[in-house]
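So the sequences go chain by chain: A and B. Residue numbers are given in this note's numbering: position 200 of the first sequence equals residue 200, and the series is strictly consecutive. Converting from the second sequence to this note's numbering requires adding 1000 to each position, the first position being numbered 1. C-beta: ideal position from N, C-alpha, C; glycine also. A short write-up of the structure that comes next.
There are 2 protein chains.
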Amino acid sequence: MTKAVLNSEERPRQWYNLAADLPGYSPPSLSPGKMESLFPACLIEQEMSRERWIRIPEGILQLLCRRRPSPLYRAAELEKALRTPARIYFKDESCSAAGTGKSYSALAQAWYNKEAAAQKLTAETASGQWGNALAHACSQTGLECRVYMTRVSYDQKPYRKVMMQTWGADCIPSPSGTTEIGRQVLREKSDTPGTSAVAVSEAVDTALKDSTGVTRYAPGSIMNFVMLHQTLSGQEARAQLALFGEKKADIVIGCAGGGASFAGLAFPFLADKIAGTDMDIISVESRGAPVLTQGCYRNDTADTAGLTPERLMYTLGNNFIPPPIHAGGLRRHCTAPLVSEAAHQGLITPRAVNQVESFEAAVSFARSEGFIVSPETAYTLAAVVQEALKAKEEEREKVIVFALSGHGLMDLKGYQSFFAAELPEYQ
Amino acid sequence: MTKAVLNSEERPRQWYNLAADLPGYSPPSLSPGKMESLFPACLIEQEMSRERWIRIPEGILQLLCRRRPSPLYRAAELEKALRTPARIYFKDESCSAAGTGKSYSALAQAWYNKEAAAQKLTAETASGQWGNALAHACSQTGLECRVYMTRVSYDQKPYRKVMMQTWGADCIPSPSGTTEIGRQVLREKSDTPGTSAVAVSEAVDTALKDSTGVTRYAPGSIMNFVMLHQTLSGQEARAQLALFGEKKADIVIGCAGGGASFAGLAFPFLADKIAGTDMDIISVESRGAPVLTQGCYRNDTADTAGLTPERLMYTLGNNFIPPPIHAGGLRRHCTAPLVSEAAHQGLITPRAVNQVESFEAAVSFARSEGFIVSPETAYTLAAVVQEALKAKEEEREKVIVFALSGHGLMDLKGYQSFFAAELPEYQ
């Protein structure tokens, strides 16, 4: 057996909320006034919730059913190539219409906003995966959509914009001339590569300044409710692992920029770990933006202009400008509060790897397993290879589960630069 | 229900050979000598076979099982958008690792060649889908691979090359300086957009001239054995349609360039039609390369240099140079003998549509159903929309089935040109 798919009765119908189980964690108490101009009430409630399980509305389940549940694959060919005794499994989120697991929250947020009579959503995107997922979700729910895409990613992945346009959204490079914060950053440094933090400010500002009041902001990460929506991935992976006959995972690996894709796979496993199961949960980040390995644990905002609420999390500072690595999703200055708190408590183990070893792992994965993955997932794969080789050294049959969070078909310029040996080693 | 997937017992384990059922059709009797330097004996046998069902070797079933069987979807959102009483279904082949249904034959050919001790395969590609499928198949079976890609497509879809490179293959624009025929064409017209017929000549010539005798040629179309391998698509679609509770299809639609994707979906339905079921089977082609609607039915070769055997088929002449439409797969001068014969007998109804109406249909499909399709599938969609609107006019609940033969993620330049209104109307 190489693939496990759940049938419809086995599919989860609730989201898992780590806030209920994380020892000593208090959800934020946010001032509803400001939040309500950005988010529908249901999402604000989810943000502050301590309920362990939150029921998924039927309308969202309907939207999610296409191309889902995503399969869990055994990476038997990669195991052979590495000659490892480890059994490696991956949750393939690349098969969704938007090509990324980010659709879990994108479809949920679009649905809640549509129900709350919003007409338009704004968002930031770095790698373009969130922008794609949201543009797709808006087309499925009849919402307009504007995406601010970090300029360096916009230039590295020019066709992301065309995808969003095909779904009817518009995508502009950030910093842009359309917002005050964008113009200010451009005045200071006109050739800036842009950052997610500035793109978030632009998206939030656009939503707040819309005088008709029908524009809301849809974040692709950081917020608890985004982590919550993504947990379908890990819930399914746990159930699928059992279909393979595995009793438990020994190692769970995902890359963490803002933290949404990582949380999606890891949180349901983390619940097991908190309940006493022995397990390593590894978050992988770039050496160029080492938030969890080198950042400070303190209050900070997700955006440069401070339009989003302050949250306790690991951060490199909201004016940090990361190097132009191809994994745009790993260029953030901060990681979500829930992921940060879990890291702070030692429940997850952060690891930084560099771009070149990531692409090396991605190419050997493509040649063994056939899948061409996103640069973000390439970072995950670098850690997977490290752990598989460690298992070989230790002669132990470990079970490794990782997230293939998106395909790399919009990111082939990165692969091209890798083949041409043009990527700096250190990032 | 919006999606039907077969479980493992329901999956077909044989290929369907239309040559057994097509009235008055005689398979070619090919001189084995010349053919044996191009193909393994098993494939030559399949080319000339009149057996209705041909067993699929276990090794090929293994290779095929990943990301298969591909789902059949009900296009309920498209139906709503068109307000048609027709029920529209599509077989989604875009989910394979190579992103195209061409993997059916690519994996089969790679496996047979590996068994026959070949070490390297050469191929032509136009849109890049066959090149991708074969590069992926070679990586899965441990073969080297060289792909000659029509220059215009090579320029329109630069990242196809990077995909092939990621799987370890090399891809060069055709005409190239690496073969005599390539050099000759370049001498005559150095800025030629290239044609599939020249690319085939280059691929065949490279295989024939390899003095070590371990290089074979892997065609992506034309040959009976390619059609044969593709028929898994239609066999599955028939079974999946039944899972939706449909007794039969009224209209089956696929685009036909060389004819492989079309045959894959259509031939198993064609068997029903030959046996007496009332059904329209529509092949869609470009007005710029109107092979089945305006070509001659006569003997011709699939390549310019005449290195491939003469076959009776519809052709525009093997030196025909089509316009540079984005649907590279629909730029061929000829369509496969089996498809041609079925068209000649009136069993299938060819239709030519133009590029602009194709992209219009593709964009409305993306906004309703979420999928961004290849430019080839966009032509299919134009005919699907025509038939759905006709059903509305006639107030008839017709069942339409079509092939989504590949995703359009490498073809976004075409969408970009469409949005910029840069595409000529006539093609």
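| Check | Outcome |
| --- | --- |
| Helix, strand or coil: how does DSSP classify T150 (chain A) here? | strand |
| Around the C-beta of G346 (chain A), are 16 or more other C-beta atoms found within 10 angstroms, so that it is buried, or is it exposed? | exposed |
| Using a beta-carbon distance cut-off of less than 7 Å, what residues from the region 1139–1155 of chain B approach chain A? | S1139, Q1140 |
| Determine, for G1128 (chain B), whether the minimum Cβ-Cβ distance to residues of chain A falls below 8 Å. | no |
| Pairs of beta-carbons, one from the region 106–121 of chain A and one from the region 178–189 of chain A, closer than 8 Å: are there three or more? | no |
| Once you ignore the five residues that flank F1359 (chain B) on each side, which residues in its own chain have a CB closer than 6 Å to its CB? | A1378, F1418 |
| Using 8 Å for Cβ pairs, my map puts V152 (chain A) next to P324 (chain A). What's the rounded Cβ distance? | 4 Å |
| Establish whether the CB of V1162 (chain B) and some CB of chain A are separated by less than 8 Å. | yes |
| Is it buried or exposed, A361 (chain A), if we count other Cβ atoms within 10 angstroms and call 16 or more buried? | buried |
| Hey, how far is the Cα of S221 (chain A) from the Cα of V339 (chain A)? | 11 Å |
| At which residues does the alpha helix (DSSP H) containing G414 (chain A) begin and terminate? | 412–419 |
| Taking beta-carbon pairs under 8 Å, can you tell me which members of the region 1002–1022 of chain B lie near chain A? | T1002, K1003, V1005 |
| Return the CA-CA distance between S283 (chain A) and E341 (chain A), expressed in angstroms with no decimal places. | 13 Å |
| For a contact meaning CB atoms closer than 9 Å, what does G168 (chain A) contact in chain B? | V1363, A1366, R1367 |
| How would you list, in chain order, the residues of chain B whose beta-carbon sits under 7 Å from the beta-carbon of A97 (chain A)? | G1370, F1371 |
| Residues of chain B with CB closer than 7 Å to the CB of Y159 (chain A), please, in chain order. | L1412 |
| Decide yes or no for the touch test of the region 405–413 of chain A against the region 368–387 of chain A: beta carbon pairs closer than 8 Å, at least 3 of them. | yes |
| What three-state label does DSSP hand I88 (chain A) in the structure shown? | strand |
| Provide the residue span of the beta strand (DSSP E) that contains P1375 (chain B), from first to last. | Segment 1375–1394 is the alpha helix (DSSP H) holding P1375 (chain B); no beta strand (DSSP E) there. |
| For A1242 (chain B), is the classification buried or exposed, using 16 other Cβ atoms within 10 angstroms of its Cβ as the cut-off for buried? | exposed |
| Kindly indicate which residue of B:E1387, B:A1197, B:K1398 has the alpha-carbon position closest to the one of K1247 (chain B). | B:K1398 |
| Are the CB atoms of C1095 (chain B) and K1120 (chain B) within a distance shorter than 8 Å? | no |
| Quick one: which chain B residues come within Cβ less than 7 Å of Y415 (chain A)? | V1162, T1166 |
| Could you compute how far the alpha carbon of L43 (chain A) sits from the alpha carbon of L61 (chain A)? | 16 Å |
| Please check if any C-beta of chain B sits within less than 8 Å of the C-beta of L409 (chain A). | yes |
| So that I know if they touch, is there some Cβ in chain A lying closer than 8 Å to that of C1042 (chain B)? | no |
| Looking at R1013 (chain B) and I1056 (chain B), is the spacing between their C-beta atoms short of 8 Å? | yes |
| For S1008 (chain B), count neighbouring C-beta atoms within 10 Å of its own C-beta (all shown protein chains included) and say buried if the count is 16 or more, exposed if not. | exposed |
| Taking the C-alpha atoms as reference points, what is the distance between S1026 (chain B) and V5 (chain A)? | 43 Å |
| Do I372 (chain A) and A266 (chain A) have their beta-carbon atoms positioned less than 8 Å apart in this structure? | no |
| Considering Cα atoms alone, identify which of B:V1385, B:P1173, B:T1179, B:S1286 is closest to F1090 (chain B). | B:V1385 |
| I'd like the span of the alpha helix (DSSP H) that includes G1264 (chain B), first residue to last. | 1260–1274 |
| Nearest-angstrom Cα distance between T335 (chain A) and A1098 (chain B)? | 33 Å |
| Would you say F1090 (chain B) touches the ligand ATP, meaning its beta carbon is less than 7 Å from a heavy atom? | For the structure depicted, the ligand ATP is absent and the ligand set is empty, with no information on it obtainable. |
| Got a sec: is the Cβ-Cβ distance from C334 (chain A) to anything in chain B below 8 Å? | no |
| In the structure shown, what three-state DSSP assignment does T192 (chain A) receive? | coil |
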